[in-house]
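K.L.:
If you scroll down you'll find the structure; I have some questions about it.
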Amino acid sequence: MSLSTTITDGAAAHAMNIELGHDDQHDHPQPQLPNKTPTFNWPLLLLSILFGMTGVVGGPLLVRYYYLNGGTRKWLPCFLQTCGFPILIFPIFVLSLRHNTKTTPTTTKPSMSHLLTLEPTLFFYSAVNGLLIGLDNYLYSIGLSYLPVSTATLLQSTQVAFVAVFSLLLVRQRFTPYSINSVILMTLGSVMLGMRSQGDRPSGVSQKEYVVGFFMTLLSAALIGAVYPLVEFSYGKAVRPINYSVLLMYQFNQSVFGTIFSVIGMAVNKDFQVLGREANEFAPGKAIYCLTLVGVAVFFQLGFLGILGVISSASSLFAGILSAVLVPIIEIASFVAYHESFTREKGMSLALCLWGFCSYFYGEYKTRKVMLRSSSSS
Numbered sequence: 032m033s034l035s036t037t038i039t040d041g042a043a044a045h046a047m048n049i050e051l052g053h054d055d056q057h058d059h060p061q062p063q064l065p066n067k068t069p070t071f072n073w074p075l076l077l078l079s080i081l082f083g084m085t086g087v088v089g090g091p092l093l094v095r096y097y098y099l100n101g102g103t104r105k106w107l108p109c110f111l112q113t114c115g116f117p118i119l120i121f122p123i124f125v126l127s128l129r130h131n132t133k134t135t136p137t138t139t140k141p142s143m144s145h146l147l148t149l150e151p152t153l154f155f156y157s158a159v160n161g162l163l164i165g166l167d168n169y170l171y172s173i174g175l176s177y178l179p180v181s182t183a184t185l186l187q188s189t190q191v192a193f194v195a196v197f198s199l200l201l202v203r204q205r206f207t208p209y210s211i212n213s214v215i216l217m218t219l220g221s222v223m224l225g226m227r228s229q230g231d232r233p234s235g236v237s238q239k240e241y242v243v244g245f246f247m248t249l250l251s252a253a254l255i256g257a258v259y260p261l262v263e264f265s266y267g268k269a270v271r272p273i274n275y276s277v278l279l280m281y282q283f284n285q286s287v288f289g290t291i292f293s294v295i296g297m298a299v300n301k302d303f304q305v306l307g308r309e310a311n312e313f314a315p316g317k318a319i320y321c322l323t324l325v326g327v328a329v330f331f332q333l334g335f336l337g338i339l340g341v342i343s344s345a346s347s348l349f350a351g352i353l354s355a356v357l358v359p360i361i362e363i364a365s366f367v368a369y370h371e372s373f374t375r376e377k378g379m380s381l382a383l384c385l386w387g388f389c390s391y392f393y394g395e396y397k398t399r400k401v402m403l404r405s406s407s408s409s
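Following the numbering used here, the numbering of the sequence shown begins with 32 at its first residue and continues without gaps.
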């Protein structure tokens, strides 16, 4: 896991009230302001953006390090992207205890089992999303095995367009000229990354394999573009408030099901039998191999948790825009860490993505200002 909550009706409108701790039955209706702008949780949003940036940038860099030093498995990175959920157990428990101690004598004290479990609706949607994320990770791995990195990055970055479409379909996202401009700029920035890519079809890759990789990566972008709005849609179905402990439990459950999907794939592909040999043959050594795998798991767990928080605090569209603006930043990080080329096209892509990011924020600021002015005059 809009910033001014441009979701207008149905489940999404209920989601806004849940995120802010409002009860629909006690709020005074304001028919003249159907798109009321809430005061969202800034600390949670900023913390989520920090987690998202750390995971989205750091995770791929470590995966790249794995492949550069002798890693060859496709299912293993899929597994690592979701298997870090045990690190969430301690913060979930601590937050649940804090919530339990804050109850007053006049309030009903919830049981610990109630605090440590998701309600059935959120459990169902988090399980579905976990399986979809597991499938998405595998599709992207296939794409990376057949496509140049620049082409795969280009295709994956188009997720912002898919997020926009599915946000409109699932949560009735209302688009402003600024948000439309932001999506267009982000898409153009992604296209810019694919311009003048050297060696479009890698040596040793057949035309058929190239086509398979192309469509698998595009399907991966479409799938993750559906997952973000589905998360926002599921928040709208919740009965209890969506606080940070609920986000942690949602991510925990989502990761469990994503890991189950990947473990089945690894077992079928017999990856477990070769991990020991791969660790021994890893160029920097077995210890670094283990640290690399642990680092990938931690970074991606932070990334997914950050995205969930952004969706809860803002919207799925903003989460998609944040992911898109990080793509050229990943290119810069790759240039610094692995001395990969940083072309003019990548610089222009970064500029377009940052422009789109600022356009979105400015549009939300203006919308919020108009709403507050209308509210004060009513």
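Cβ atoms here follow ideal geometry from the backbone N, Cα and C, with glycine treated the same way. Every value quoted in this text rests on a predicted model; they were computed, and no experiment measured them.
#1: Going by beta carbon distance, what residues of the same chain come within less than 8 Å of Gly-101, once the five residues before and after it are set aside?
#2: Pairing CB atoms from the segment 208-222 with CB atoms from the segment 267-276, are three or more of them under 8 Å?
#3: Looking only at its own chain, which residues have a Cβ that is under 6 Å from the Cβ of Asn-26, when we skip the five neighbours before and after it?
#4: Are the CB atoms of Val-236 and Asp-281 within a distance shorter than 8 Å?
#5: Is DSSP giving Gln-282 helix, strand or coil here?
#6: Check whether the segment 358-370 touches the segment 122-129, counting contact only when three or more Cβ pairs, one atom from each stretch, lie closer than 8 Å.
#7: Classify Ser-347 as buried or exposed, calling it buried when 16 or more other Cβ atoms lie within 10 Å of its own Cβ.
#8: Near Phe-288, which residues of its chain fall below 6 Å by C-beta distance, leaving aside the five closest residues on each side in sequence?
#9: May I ask you to verify whether the segment 333-346 touches the segment 248-257, counting CB pairs closer than 8 Å and requiring at least 3?
#10: Count Cβ pairs between the segment 352-359 and the segment 214-222 that sit closer than 8 Å; are there 3 or more?
#11: Does the segment 324-332 come close enough to the segment 149-157 to have 3 or more Cβ pairs within less than 8 Å?
#12: Of the residues Glu-240, Cys-389 and Arg-104, which one's Cα is nearest the Cα of Gln-304?
#13: Taking 8 Å as the limit between beta carbons, can you name the residues of its chain near Leu-200, skipping five residues before and five after?
#14: Pull up the distance between the alpha-carbon of Met-84 and that of Ser-265, whole angstroms please.
#15: What would DSSP say about His-57, mapped onto helix, strand or coil?
P.N.:
With the structure as the only source:
#1: Along the sequence shown, one-based indexing puts residue 101 at 70. Result list for Gly-101: Glu-309, Glu-312, Phe-313 and Ala-314, in chain order.
#2: No contact exists between the segment 208-222 and the segment 267-276.
#3: The requested residue 26 does not occur in the structure, where the chain is confined to residues 32 to 409.
#4: To locate residue 281, count along the sequence shown from 1; it is residue 250. To locate residue 236, count along the sequence shown from 1; it is residue 205. It is worth fixing the name first, because residue 281 is Tyr in this sequence and not Asp. No, they are not a contact pair.
#5: Start at 1 with the first residue of the sequence shown, and residue 282 comes out as number 251. In the three-state reduction of the DSSP assignment, Gln-282 falls in the helix class, which pools H, G and I.
#6: Verdict: no, contact absent.
#7: Here the question's residue 347 lines up with position 316 in the sequence shown. If you draw a 10 Å sphere on the C-beta of Ser-347, you find 16 or more other C-beta atoms in it, and that means buried.
#8: Stepping through the sequence shown from its first residue, residue 288 is reached at position 257. So the qualifying residues of the chain are Ala-158, Gly-161 and Leu-162.
#9: Segments in contact, no.
#10: Result yes; three or more Cβ-Cβ pairs closer than 8 Å.
#11: They do not touch, by the three-pair rule.
#12: Working through the sequence shown from its first residue, we reach residue 304 at position 273. Closest option to Gln-304, judged by alpha-carbon separation, among Glu-240, Cys-389 and Arg-104: Arg-104.
#13: The residue labelled residue 200 in the question sits at position 169 within the sequence shown. The residues are Pro-260.
#14: Indexing the sequence shown from 1 puts residue 84 at position 53. Indexing the sequence shown from 1 puts residue 265 at position 234. The C-alpha of Ser-265 is placed about 23 Å away from the C-alpha of Met-84.
#15: As a position in the sequence shown, residue 57 is number 26, starting the count at 1. Any reading at His-57 is ruled out, since the residue's pLDDT is 45, under 50, leaving its predicted position unreliable.
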